[in-house]
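Engineer:
Listed below in structure tokens is the structure:
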């Protein structure tokens, strides 16, 4: 057991360590309320990072290296008619992300194909596949080969006449860590998803992986605070949204920007309200409307990663393909939730009516 | 009494008017759910604009003119020790806003006094007052005189040892339109509100006024998507947050900006998720900590109005007092909710667990 006294402008105390574990006892000087305490305390084997003291009471966090980082790869692409070529390009991108250090790679929504929901066409159900199936085998193999976790977004054929928009998370060993079936299904001109996808029946459940507990949802879900909150209440460490969203060309540039900004704002709002990072990966490029009824969709790219205060850590351009690895400090979520302990004060006894369609 | 039959693609019915008031009786055709009904019905003296029909039930709003704009005054101020002087300054500001055309004036949180929650001091309960009481009488008188609706934020003494942080909305005739008792109570260094305020027991209920249905909450409530959603589900047309929030001087400038941005982002996120505007009115100026434990609070001002896509319509500076009137087009909420009909698709059968503290 090593004992070391600690003195610092904002705290003083004693650190004990036996080389593998440690105990810290601190008192904080009276003027250190609401401050980060950035005292570094070096003992025999450990660098202790001490921080945050509330209310004259004591709070501390200690880790070997004080930080829990995750390298997150995002792949923003254009798609073409030939699904095989899309998948080959995705494999290349995943390899590239892994070579850049990614431990987790997130793909965009329905990445294997064009966004086929621009028209209602029964022939397009041919694009669907079972889970497990060819895609989980292929991306699972890649996950195993590269030792990364991959968030895929697939068109699932569950039974004849029963299809879902399903995110499948593949573990580093190639197995299926879990899946999420898109819960909120949109239906707008050029986004006829209610024709293709039955709303998910797995609820909002985070998926436990070797890199963390992932709150995966899909696209339209991103507009709903309820899903984000339910993920956070189940311990999700990240909110993740594979997405396919873009502009309608007849909207004014100002309206297009308002929509893109709204899309970012609501998701960054989930990050703030829940004190965890958000990752949204969107497709890019123009895809024509096969029916000719609209001018097609100009997908707005802009994939982004926001930290637990909603702060933008990265944003992709609108019109370029991107493979990018972003370093996210998950320890920051712990800090932010201490500073702003929203979960402490929720008035749950008054939230029952959230299960109503409308209160009239 | 004039009677006029009304026929329109989406509705039919009868309008009665005696020249000064009116009665409308309508039935809606079966295919008009979720639509704006833009029928203009001209009778002797009135052009009635009818709109809003929900889910087979009927809801309508009538105005002389087909657009529904609201002029919203916001008052961002510094406060001083002398409450009488604060109130005099507020009265001047409300008069100024009214003279600029405001129909609704929103004040900052606990506007009559310094933000007294920086320390826990039983003597400060002397600042509290009953509702109705001196403040509702004074601001009510002003509302009547100026013909404006005023959102006030008062320290309420409900009984000996029972206090609330209560927003009171005063109608144009000076009466109390309704009140909201702050539901989520923070407790951080320099924000010792749990000492002063019992959490509200009125729930999240919008307040009907002559200018619209107001979803008034207070400060810490602004971080919670649940309250905003409950207000929207009860037909709130605006979300309104009197606020007192600021920087701790020992935080880095970057951290201060992250906090201020997070504060805006989460509220703009409520606007997006619910398709209605948000008004947040914050105090400005520095207030010292009477205990000397901290460096006091530098309130960050930045009061803002955002539209139903979260788009900023106005933002006040950080360090200046402001009286500003912003023109908000409430018709835009109707349009935005048609484009992005989030309320249509909520998976309410899966939201029951939102009433749990944590799902573990």
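Protein chains in written order, with my numbering: chain A, 964 to 1323; chain B, 964 to 1323.
Heads up, the beta-carbon is just placed ideally off N, CA and C, and yes, glycines get one too.
Computed from a predicted structure; not experimentally measured.
Between the beta-carbon of residue 1173/B and the beta-carbon of residue 1134/B, is there less than 9 Å?
Structural biologist: Yes, they are a contact pair.
Engineer: Contact defined as beta carbons within less than 8 Å: I believe residue 1207/A pairs with residue 1182/A. What is the distance between those atoms, to the nearest angstrom?
Structural biologist: 6 Å
Engineer: Can you tell me where the beta strand (DSSP E) with residue 1057/B in it begins and where it stops?
Structural biologist: Here residue 1057/B belongs to no beta strand (DSSP E); instead the alpha helix (DSSP H) covers 1046-1062.
Engineer: Do three or more CB pairs link the region 1241-1250 of chain B to the region 1064-1084 of chain B at distances below 8 Å?
Structural biologist: yes
Engineer: Is there a Cβ of chain B sitting closer than 9 Å to that of residue 1323/A, yes or no?
Structural biologist: yes
Engineer: In its own chain, which residues sit with a C-beta less than 7 Å from the C-beta of residue 1059/B, not counting the 5 before and 5 after it?
Structural biologist: 1286
Engineer: Please report whether the beta-carbon of residue 1267/A lies at a distance below 9 Å from any beta-carbon of chain B.
Structural biologist: At a cut-off of 9 Å between C-beta atoms, residue 1267/A does not count as an interface residue with respect to chain B.
Engineer: Whole angstroms is fine: what's the gap from residue 1306/A's alpha carbon to residue 1256/A's?
Structural biologist: 47 Å
Engineer: Work out the CA separation of residue 1175/B and residue 1132/B for me, nearest whole Å.
Structural biologist: 12 Å
Engineer: Determine, using beta carbons only, whether residue 1142/A comes closer than 9 Å to chain B.
Structural biologist: no
Engineer: Residue 1202/A to residue 1038/A, Cα distance in whole Å?
Structural biologist: 16 Å
Engineer: Look up residue 1233/B in the DSSP assignment and give the residues it is bridged to.
Structural biologist: Paired residue(s): none; residue 1233/B is not in a bridge.
Engineer: Kindly indicate if chain B contains any beta-carbon less than 9 Å away from that of residue 1303/A.
Structural biologist: yes
Engineer: Unbroken beta strand (DSSP E) runs of length 3 or more, entirely within the region 1119-1197 of chain B: which are they?
Structural biologist: 1125-1133, 1139-1144, 1170-1172 and 1175-1179
Engineer: For residue 1231/A, I'd like the list of residues in its chain whose CB is within less than 7 Å of its CB, leaving aside the five on either flank, ordered along the chain.
Structural biologist: 1241, 1269 and 1273
Engineer: Got a sec: is the Cβ-Cβ distance from residue 1313/A to anything in chain B below 9 Å?
Structural biologist: Closer than 9 Å: yes.
Engineer: To the nearest angstrom, how far is it from the Cα of residue 1276/B to the Cα of residue 1035/B?
Structural biologist: 11 Å
Engineer: Assuming contact is defined by CB atoms lying nearer than 9 Å, are residue 1264/A and residue 1081/A in contact in what I supplied?
Structural biologist: Their beta carbons are not under 9 Å apart, which means residue 1264/A does not touch residue 1081/A by this criterion.
Engineer: What is the DSSP secondary structure of residue 1303/B, counted as helix, strand or coil?
Structural biologist: The answer is coil: DSSP assigns residue 1303/B none of H, G, I, E or B.
Engineer: List, in order along the chain, the chain B residues whose C-beta lies closer than 9 Å to that of residue 1240/A?
Structural biologist: Going along chain B, no residue has its Cβ under 9 Å from residue 1240/A, so there is no contact; the nearest lies around 13 Å.
Engineer: If the cut is a Cβ gap below 7 Å, which residues of chain B does residue 1167/A touch?
Structural biologist: 1313
Engineer: Do residue 1192/A and residue 1189/B have their C-beta atoms closer together than 9 Å?
Structural biologist: Between residue 1192/A and residue 1189/B, the CB-CB gap stays under 9 Å.
Engineer: I'd like to know if residue 993/A contacts chain B, where contact means its C-beta is closer than 9 Å to some C-beta of that chain.
Structural biologist: Caution applies to residue 993/A, whose pLDDT of 36 falls short of 50 and renders its modelled position unreliable; the model cannot decide the point.
Engineer: Out of 1033/A, 1078/A and 1068/A, which one is the CA nearest neighbour of residue 1045/A?
Structural biologist: 1078/A
Engineer: So the alpha helix (DSSP H) residue 1104/B belongs to, where does it begin and stop?
Structural biologist: 1097-1109
Engineer: Would you report the Cα separation of residue 1323/B and residue 1310/B, rounded to the nearest angstrom?
Structural biologist: 21 Å
Engineer: Alpha carbons only, please: which of 1185/B, 1220/B, 1209/B and 1055/B is nearest the one belonging to residue 1236/A?
Structural biologist: 1185/B
Engineer: Is any beta-carbon of chain B found at less than 9 Å from that of residue 1277/A?
Structural biologist: no
Engineer: Is it right to say residue 1295/B is buried, meaning 16 or more other beta carbons lie within 10 angstroms of its own, or is it exposed?
Structural biologist: buried
Engineer: Against chain C, with Cβ distances strictly below 9 Å, would residue 1055/B count as a contact?
Structural biologist: This model lacks chain C altogether, as its protein chains are A and B.
Engineer: Within 9 Å (strictly less), CB to CB, does residue 1190/A reach chain B?
Structural biologist: yes
Engineer: Could you spell out where the beta strand (DSSP E) holding residue 1249/A opens and where it closes?
Structural biologist: 1247-1250
Engineer: In the DSSP assignment, find the beta strand (DSSP E) that holds residue 1276/A and state where it starts and stops.
Structural biologist: 1275-1278
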